[in-house]
Each structure stands twice: as C-alpha cells, then as structure tokens.
Amino acid sequence: MAATPSATLPSAFFPCPGFPESCRSLNWRTHKKQLGRKAGTVKVRAKFELNHPPYPMNALEPHMSRTTFEYHWGKHHRAYVDNLNKQIVGTELDELTLEDIILITYNRGDLLPPFNNAAQAWNHQFFWESMKPGGGGNPSGELLVLINRDFGSFEAFVKEFKAAAATQFGSGWAWLAYKANRLDVGNASNPHPSDEDKKLVIVKTPNAVNPLVWDYSPLLTIDVWEHAYHLDFRSRRTDYISIFMEKLVSWEAVSSRLEAAKAQVAEREKEEMNKREEEEEYQAEVREMYVESTDSDAE
Ligand SMILES: [Fe+2]
Numbered sequence: 010m011a012a013t014p015s016a017t018l019p020s021a022f023f024p025c026p027g028f029p030e031s032c033r034s035l036n037w038r039t040h041k042k043q044l045g046r047k048a049g050t051v052k053v054r055a056k057f058e059l060n061h062p063p064y065p066m067n068a069l070e071p072h073m074s075r076t077t078f079e080y081h082w083g084k085h086h087r088a089y090v091d092n093l094n095k096q097i098v099g100t101e102l103d104e105l106t107l108e109d110i111i112l113i114t115y116n117r118g119d120l121l122p123p124f125n126n127a128a129q130a131w132n133h134q135f136f137w138e139s140m141k142p143g144g145g146g147n148p149s150g151e152l153l154v155l156i157n158r159d160f161g162s163f164e165a166f167v168k169e170f171k172a173a174a175a176t177q178f179g180s181g182w183a184w185l186a187y188k189a190n191r192l193d194v195g196n197a198s199n200p201h202p203s204d205e206d207k208k209l210v211i212v213k214t215p216n217a218v219n220p221l222v223w224d225y226s227p228l229l230t231i232d233v234w235e236h237a238y239h240l241d242f243r244s245r246r247t248d249y250i251s252i253f254m255e256k257l258v259s260w261e262a263v264s265s266r267l268e269a270a271k272a273q274v275a276e277r278e279k280e281e282m283n284k285r286e287e288e289e290e291y292q293a294e295v296r297e298m299y300v301e302s303t304d305s306d307a308e
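With the numbering used here applied, the sequence shown corresponds to residues 10 to 308, in that order.
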C-alpha cells in the first residue's frame, strides 16, 4: 500500500459534518481485543462494521425491492466495508474515523488505494438514510426556503437534481449539498462569508467521490451506479430517479442534516473569529511593549 500522508488533518475538518444520524450510524469503529499467540500479549485492532439500513429490507417495496437490497446492501456495501478493513489493518489509517480516511486518501484528487472502499462505505450508509418508507412528497421549513432561494422553486430543484443524476456518465452519485462558501477559486477563501454565501448546490460525482472532499456538507444523495437499479428498473435509470424523488426521499433526514450542517458552520466561524481576536490582542500587546521599550530608551 502506498505510504499515507501524515494523519495531521486540515483545521476545517470535522468528523461527522452535517448529519447527526450518520454520526451515530457511522460510529462503526469498534475496538476488539484480540489475544496474541503469546500469553499476555494483547493486540487492539479497529474494525468498521456494516450497519443495517434503518428499516427492514422489504420496507421500500414496491419502489425498491427486497432483492435489490439483498444484492446492493448485502453484497456491494458489505464488500466495500470488508475490503476497506483488509486495506487499512495495520496501517496509519487503522485508528481513524471513516471521514478522516476519506479526506486523507482523497489526497487532493490523487487517490490513494483505500479511498474507493472508504468513500463507498460512507456513501451507501448515507444513501440508505436518505430514504424512508412512505417517503417523497415535499420538503418544508427552512429547507424549502433555501431551495426556493437557491433554485427558484422546488420544481426547478427537482428538475435540476434529476438531470444531474441522469447525466452522470457511467457510475457515480448525484448530491444536494450545503456549501458554506460560494467562492470556487482555488486556494481562496471568503474571510467574512454572509448568509448569501451559504447556499444549496447540486453536484454529481464519478465512482466513489463525494462532496466531503470539497468540504461541502452532503444533504441528500442518489446512487446511480447500475447495481442500484438494474434489478428493478433494468436500464431505465430515469424511471428509478423519478421514483426515488417521488416515493423514497426522506425530507426529514435532509432537513436534519441541513440543521446540523449550519450548526457546524456556525461553530467553525466562531472558532475562527476567536482565533482572529486572540491574534489581534497579541499583536496589540506586542505593539504596546514596543512603544514602552522605545519610550524608556529615549529617557
Ligand atoms: Fe451502490
């Protein structure tokens, strides 16, 4: 396996950005004590576990079949988790959270080997939690306000989201995400973002990539890998996307993720403001000491 970068994470990193239910469900890392062959030696290894979707396998029928779940969750999702565990055991990644592993192995777009399995494990858990029995309908509250502000209307949002999912070439994902800074300029940051800078965006990603790697907060996703829909819809991806939007989306989950993402952004801004104030106080003290020093020299 390629050498991994230092486990020093960017200051902006946060372990469970924007979705408390995923934080709970993604707390997959369990520490299992494994007795070594020699008496008295104990080896502690971390291990990610495959969580069951938050509803029974047949709960989304007739829109998503039990057969699809048994194949998609039971084989594909399981394989991502199992393969990740094999790849990271004994490496520097072994003790990190899944989100840490995704960010580090994304490696600014030059992917390290465990990235695909780590991101796919995360994406699928997030996907299961994006749906619910009796889903679909319309969003409400602040989520709807922001959708109307950033896309013009709910209908316009649905049209754009469906188009992103339908036009993702090959395997991948479509996402609604909360972007805390509107700037798209590399290596630039808006020092004082306003509420207008914090907006909803639709993005599509190839293969395993997800918006965490750009520091966006994912709110909703649809899996458009063929394995997600071919048992129920054959090659009719657009029919699958329509059913997802009309019958499966959990807008409650999306709203709660938005709330958590906003709280996370506010916390980060507060920390950054405190740092700026501390730095300004320090600089003022240095200036004061310098003035006092030059005054005493002049006497
Ligand atoms: Fe999938």
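Glycine residues also receive a C-beta, built at the ideal position from the N, C-alpha and C atoms.
Everything numeric in this text was worked out from a predicted model, so none of it was measured.
Cβ separation of residue i and residue j, assumed to be a contact under 8 Å, to the nearest whole Å
i, j, result
"D204", "N190", "With a Cβ gap of about 12 Å, D204 and N190 do not count as contacting."
"V218", "A128", "7 Å"
"W260", "T230", "About 14 Å; that fails the 8 Å criterion."
"I111", "V233", "The Cβ separation is near 19 Å, so there is no contact."
"K208", "D159", "5 Å"
"F170", "I211", "5 Å"
"P62", "Q96", "Not quite, the Cβ-Cβ distance comes to about 24 Å (not below 8 Å), so this is no contact."
"E235", "G145", "Actually they are not in contact, since the Cβ atoms of E235 and G145 sit about 23 Å apart, beyond 8 Å."
"A130", "T247", "Between T247 and A130 the Cβ distance is about 27 Å, and since that is not below 8 Å, they are no contact."
"F163", "L155", "Actually they are not in contact, since the Cβ atoms of F163 and L155 sit about 11 Å apart, beyond 8 Å."
"D241", "T77", "5 Å"
Beta-ladder partner(s) of residue i, from DSSP
i, result
"P215", "G181"
"D232", "W182"
"S226", "Y187"
"L209", "Y187"
"M140", "V258"
Boundaries of the alpha helix (DSSP H) in which residue i is found, first to last residue
i, result
"A130", "F124 to W137"
"H239", "H239 to F242"
"S305", "W260 to A307"
"D91", "R87 to I97"
"D109", "L107 to Y115"
"A172", "F163 to T176"
"N67", "No alpha helix (DSSP H) holds N67; DSSP gives it neither H nor E."
"G150", "G150 to F160"
"S203", "That residue, S203, is in no alpha helix (DSSP H); it is neither H nor E in DSSP."
"E79", "R75 to Y80"
"D248", "R246 to I252"
Closest Cα partner of residue i within the set the options
i, options, result
"Y225", "K141, A186 and A275", "A186"
"P65", "Y89, N132 and W137", "W137"
"G143", "R75, D241 and V258", "V258"
"G150", "S264, E278 and T303", "S264"
"K188", "N125, F78 and A272", "A272"
"N92", "S244, N60, K56 and P227", "K56"
"Y89", "A165, L59 and V300", "L59"
"F253", "N147, M298, S162 and L192", "N147"
"K168", "P202, I250 and L120", "I250"
"S180", "L155, N125 and S139", "N125"
"H239", "L69, Y80 and E70", "Y80"
"E278", "D103, P202, R117 and P227", "P202"
"H133", "W82, K284 and S302", "W82"
"T214", "E101, M282 and F178", "F178"
"L228", "E101, A172, M140 and G99", "M140"
"S74", "A262, E288, R243 and E297", "R243"
"R117", "P220, V154 and E104", "P220"
"R266", "L69, N94, F135 and E104", "F135"
"A237", "G161, D306 and W182", "W182"
Residue-chain proximity (residue i, chain B), Cβ-Cβ < 7 Å
i, result
"I252", "Absence of chain B from the displayed structure is noted, only one protein chain being present."
Residue i Cβ short of 6 Å to ligand 3 heavy atom set
i, result
"H133", "In terms of ligand content, the structure shown lacks ligand 3 and carries ligand 1 instead."
Which residues have a Cβ closer than 6 Å to any heavy atom of ligand 1, listed in chain order? Per the Cβ criterion, the list is H81, H85, H133, D232, W234, H236 and A237.
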